[in-house]
Amino acid sequence: MLHKTKKRLITLYTIITSLILSIVIIGAYYINLTQLKTHKLELFKDLQDSIVYKLQNEQIINNLWLSNLEIKSRAIIHIEDNGIPFFFKGSWTPSTSREIMIKKAKKAALSEGIDTTSYTVSSYKNSSSAVTIYGKNKEPAFSSVCNIPTENGYMSLTLVQFRPEERTQVFLQIFLYLAIDLIGTFSLFLVSCFLAGKALKPVEENQKRQNEFIAAASHDLRSPLAVIQTNASALLIEGADPKRFIPQITNECTRMSRLIGDMLILASSDAKTWHIQKEEIDTETYLIDLYDSFAAFCQKKEHALSLDLPEDSLPQIMADKGRLTQVLSILLDNAISYSPIKSTITLRPYTKKTTFYIEVEDHGKGISKEEKERIFTRFYRIDKARNDSSHFGLGLSVAKELMELQSGKIKVKDTPNGGATFVIELPL
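In this text, residue positions in the sequence shown follow my numbering: the first is 1185, and each later residue adds one.
The structure is reproduced here in structure tokens:
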């Protein structure tokens, strides 16, 4: 399922980003092509202006100058004096004959009202726009016609400039932008593979944890159910003593109730349906009451419970008293279970800057560095064989969820001379 989702995400991301890239590249190509054409047009107009200036300011036009200018600019320059062509016949042979290109240029100019066969001083327009005409094999060329007034009448200039390199440049640009598009699309595909993998990694990890959760829950539910079934079957035997089997059934029902309760808490946390009822707590009074509640229980389990209050008075905090008690109950229960008999368990509150701390310190076998990173994971137990039937590996994960709901934290550190110390933090 996740593999199919990943493939769909990669495909969708690649298509969308490639489409956007293609649109950007097409836009860039169009802008570049427009700029190229504008630049060529400006050069054409500069060429026309230079010839017009020469015709207006000099009495004699040198054929050598016209010849060099034609060759250099790949142009056809045709000049007429009062409708009579100059003797200059051109200095090079274009792919399309001069006569055809000059006719096309004059025809284009005539459509704008510029006629080289007649000229009136009152004419509001003496020059045609620069337009594109085509020669043989669709070779593009700029053309323009202008009439220049003189003392003896007028002169007309027909200018045609070929642009043979334009098509080559266009094809090169198309190839270049297409290559950029393909490389970009492939790069986006690689990026989409990476991002899709990264985006789905939490989902994969969550699915893995969910599978582990179901497997562990099934294991822990199977054991008490087996005990209940065995003892219930024994009760059916004629002459069986109920007092022998009923306590076992009751104990296992209590264990199952605890497990289901913890699972419901975690499910509520995942569904974000928990509601925290914060209230102002007098921490000193609260901890003394908590100590009184657990002291007798610890004594029954042959442990000593110590409350190490600081000399200075403790501040008040805003927290959910019931949830806070649930967290400390989990930590004290773990300390009792994993500490040697007749050892001391210490409750130690203190304040640093804007944070209130409560430590639950035991002197058991401690927790290794590798296990410290995993003990808050659901169903994780240091007892790998899962022989300890009193714990399901949910207590610390429940405590972590409860602390986070109150904007708090929980962590573990080593106790000096052996053991583990759990620390909860709450903002003042």
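We put the beta carbon where it would ideally sit given N, CA and C, even for glycine.
Ordered along the chain, which non-local residues of its own chain (more than five positions away) have a Cβ less than 7 Å from that of residue i?
i: Y1338; result: N1266, Y1303, N1331 and I1332
i: A1583; result: V1511, I1514, L1515 and I1594
i: T1195; result: none
i: Q1432; result: V1411 and N1415
i: Y1213; result: Q1357 and Y1361
i: R1282; result: I1260 and G1274
i: I1364; result: I1209
i: I1465; result: Q1500, I1501, A1503 and K1505
How many whole angstroms separate the CB atoms of residue i and residue j, which I take to be in contact at a CB cut-off of 8 Å?
i: L1343; j: I1235; result: 7 Å
i: T1599; j: E1545; result: 5 Å
i: L1489; j: Y1475; result: 6 Å
i: L1612; j: L1531; result: Actually they are not in contact, since the Cβ atoms of L1612 and L1531 sit about 19 Å apart, beyond 8 Å.
i: L1225; j: Q1353; result: Actually they do not touch by this definition, with Cβ atoms about 15 Å apart.
i: I1260; j: M1285; result: 6 Å
i: E1323; j: S1279; result: 6 Å
i: I1460; j: L1589; result: 5 Å
i: T1300; j: S1340; result: 4 Å
Below 8 Å CB to CB, which residues in the same chain sit around residue i once its five sequence neighbours on both sides are set aside?
i: L1372; result: Y1197, T1198, T1201, S1202 and L1205
i: K1568; result: Confidence at K1568 is low in this model, with a pLDDT of 47, below 50, so its placement is unreliable and the value that follows should be read with caution. Here the set comprises nothing.
i: H1187; result: none
i: E1486; result: I1525 and K1526
i: G1550; result: D1598, T1599, G1602, G1603 and A1604
i: A1383; result: L1193
i: E1463; result: M1502, A1503, D1504 and K1505
i: T1151; result: No answer is possible for residue 1151: the residues shown for the chain start at 1185 and end at 1612.
i: G1548; result: A1519, Y1522, S1523, P1524, S1527, G1602, G1603 and A1604
Using beta-carbon positions only, say whether residue i and residue j come within less than 8 Å of one another.
i: P1494; j: Y1534; result: yes
i: S1328; j: S1311; result: yes
i: A1380; j: K1537; result: no
i: S1686; j: Q1345; result: With the chain covering only 1185 through 1612, there is no way to say anything about residue 1686.
i: S1591; j: F1560; result: no
i: I1317; j: K1290; result: no
i: P1426; j: L1419; result: yes
i: D1492; j: G1579; result: no
i: F1228; j: F1370; result: no
i: R1507; j: L1610; result: no
i: K1238; j: I1245; result: yes
i: I1430; j: C1482; result: no
Specify, as a first and last residue, the run of the alpha helix (DSSP H) that residue i falls within.
i: D1473; result: T1467 to K1484
i: E1588; result: G1579 to L1589
i: A1488; result: It is not in any alpha helix (DSSP H) - A1488 instead sits in the beta strand (DSSP E) that spans A1488 to L1491.
i: K1597; result: Where K1597 is concerned, there is no enclosing alpha helix (DSSP H), although the beta strand (DSSP E) it sits in stretches over K1593 to D1598.
i: A1292; result: R1282 to L1294
i: E1555; result: K1553 to K1556
Whose C-beta lies closer than 6 Å to the C-beta of residue i among residues of the same chain, with five residues either side of it excluded?
i: F1606; result: L1515, V1544 and V1596
i: L1250; result: I1261 and F1272
i: R1570; result: Its pLDDT being 41, under 50, R1570 is placed unreliably by the model, and nothing is read from it.
i: A1293; result: S1312 and V1329
Along the beta strand (DSSP E) that carries residue i, what are the first and last residues, could you check?
i: T1509; result: From DSSP, T1509 is part of no beta strand (DSSP E) but of the alpha helix (DSSP H) over K1505 to Y1522.
i: R1532; result: T1528 to K1536
i: I1263; result: A1259 to D1265
i: L1420; result: Run containing L1420: none; DSSP gives neither H nor E here.
i: I1608; result: A1604 to P1611
i: L1343; result: G1337 to F1346
i: P1324; result: P1324 to T1334
i: T1539; result: T1539 to E1545
i: I1317; result: V1315 to Y1318
Start-end ranges of the beta strand (DSSP E) lying completely within the segment 1200 to 1274, minimum 3 residues = 1259 to 1265
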